[in-house]
Amino acid sequence: MPGRVPGIHVFTVLMTKDVDGRDKPGHDEQRKPLRMNAETDAKLIEQGRKLFAGEWQFVWASPSIETLPPMASVEVAFAGRSNVGKSSLINALTGRSALARTSHTPGRTQELIFFEGPDNAGLRLVDMPGYGYASAPKTKVASWTKLIHQFLLGRATLARVYVLIDARHGIKDVDQDVLKTLDKSAVSYQVVMTKADQVKPAELQKHIEETTAALAKHPAAFPEVLVTSSKNGTGMPELRAAMVRLLGERS
Ligand SMILES: Nc1nc2c(ncn2[C@@H]2O[C@H](COP(=O)(O)OP(=O)(O)OP(=O)(O)O)[C@@H](O)[C@H]2O)c(=O)[nH]1
Ligand SMILES: [Mg+2]
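Encoded structure:
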């Protein structure tokens with residue numbers, strides 16, 4: 001498996017997916033590089049920097065599927081196990097240390113939280129409650145899990161889901177449930193490894209390879225993973241650029 005460590009962001013150069021990460025049936029023989037050329041890459045990275053340089057702010061919190069905000073701009077959601085670093089990633093992307101509330105203990109985010117960029121940039125970020133939090137009361141876990149799955153399956157403005165996986169642990173069973181839901185939905189999704197600063201390069205590489213292998217069983221997923229650290233900023237320019245690219249595809 002190709003890959004560079006760290007500073008890395010893109011793995012699995014060969015692919016049989018289109019830009020939305022979906023299978024291109026019958027195109028196996030046409031495996032071609034996913035990577036953008038250097039010029040496009042640099043342009044998107046600069047546009048991404050600009051998009052996230054402005055003032056992002058909180059716009060809405062939904063404790064239930066009935067209380068979602070009216071659909072307006074393109075939405076990008078961040079899903080993942082409790083404590084994986086969803087809220088921290090939103091803070092790192094937007095350059096705001098406390099835009100999304102974070103915590104050392106799992107179960108911090110308990111609603112769908114919507115953030116919006118400056119001047120109607122046309123993009124909303126959605127921070128989601130975490131799943132797989134074993135110590136929370138069962139009724140709460142059930143209600144968060146239902147909310148997560150309903151939102152992922154049935155939101156027309158949801159254009160991309162980033163499924164966060166802890167770089168120290170890799171994909172767990174509870175992540176597979178969410179990947180299966182995403183396979184059924186119309187939304188494109190990609191795995192983002194978090195807390196890359198916490199693992200040694202060899203271990204990181206191993207978890208990237210295992211995760212990439214697991215993703216091969218999910219036809220709707222992007223075949224490559226993004227590697228990030230909210231602590232040292234690894235992967236942020238690339239993730240911002242990916243959202244600019246998505247916006248371009250949607251407009
Ligand atoms: N070292 C390191 N710690 C991180 C990173 N991202 C998040 N953390 C820490 O992980 C803990 C959980 O982060 P959160 O962003 O609150 O996680 P979450 O996924 O939003 O959690 P819930 O809302 O409870 O589901 C906090 O103590 C963060 O400081 C990272 O990239 N590196
Ligand atoms: Mg959170």
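End of the sequence shown sits at 251 in full-length UniProt numbering; the numbers just go up one at a time, nothing left out.
Here a beta-carbon is modelled for each residue, glycine too, at the ideal position from N, C-alpha and C.
Please list, in chain order, all residues of the same chain as residue i whose beta carbon is under 6 Å from its beta carbon, the five residues on each side excluded.
{"i": "Ser229", "result": "Ala196 and Asp197"}
{"i": "Gln47", "result": "Val244"}
{"i": "Gly248", "result": "none"}
{"i": "Leu68", "result": "Ser62"}
{"i": "Thr94", "result": "Phe52 and Trp56"}
Within the same chain, show all residues whose beta-carbon is closer than 7 Å to that of residue i, passing over the 5 residues directly before and after it, in chain order.
{"i": "Thr181", "result": "His149, Leu152 and Leu153"}
{"i": "Arg250", "result": "Val74 and Ala159"}
{"i": "Tyr133", "result": "Ser82, Pro106, Gly107 and Val141"}
{"i": "Ser87", "result": "Ala100, Arg101, Thr102, Arg108, Thr109 and Asp127"}
{"i": "Ala92", "result": "Ser230, Gly233 and Met236"}
{"i": "Gln96", "result": "According to the sequence as given, residue 96 is Arg; it is not Gln. If we look at Arg96 and ignore the five residues flanking it on each side, its Cβ neighbours are Trp56."}
State the CB to CB distance for the pair residue i and residue j, rounded to an integer number of angstroms; the pair is presumed to be in contact (CB under 8 Å).
{"i": "Ile165", "j": "Met128", "result": "The pair is not a contact, with the Cβ atoms about 14 Å apart (cut-off 8 Å)."}
{"i": "Thr211", "j": "Val225", "result": "6 Å"}
{"i": "Ser62", "j": "Glu111", "result": "6 Å"}
{"i": "Ile65", "j": "Leu147", "result": "6 Å"}
{"i": "Leu51", "j": "Ala136", "result": "Going by Cβ atoms, the distance from Leu51 to Ala136 rounds to 34 Å, so no, they are not a contact pair."}
Output yes or no for whether 9 Å exceeds the beta carbon distance between residue i and residue j.
{"i": "Arg124", "j": "Ala53", "result": "no"}
{"i": "Phe115", "j": "Leu99", "result": "yes"}
{"i": "Ser188", "j": "Val227", "result": "no"}
{"i": "Asp173", "j": "Pro219", "result": "no"}
{"i": "Leu179", "j": "Leu215", "result": "yes"}
{"i": "Ala221", "j": "Gln190", "result": "yes"}
{"i": "Tyr131", "j": "Gly170", "result": "no"}
{"i": "Val163", "j": "Asp175", "result": "yes"}
Quick one: what's got a C-beta closer than 8 Å to residue i's C-beta in the same chain, skipping five residues either side?
{"i": "Ala241", "result": "Asp41, Leu44, Ile45, Gln47 and Gly48"}
{"i": "Ala156", "result": "Met71"}
**Asked** Closer than 7 Å from C-beta to any heavy atom of ligand 2: which residues, in chain order?
**Response** Lys86, Ser87, Ala100, Arg101, Thr102, Arg108, Thr109, Asp127 and Gly130
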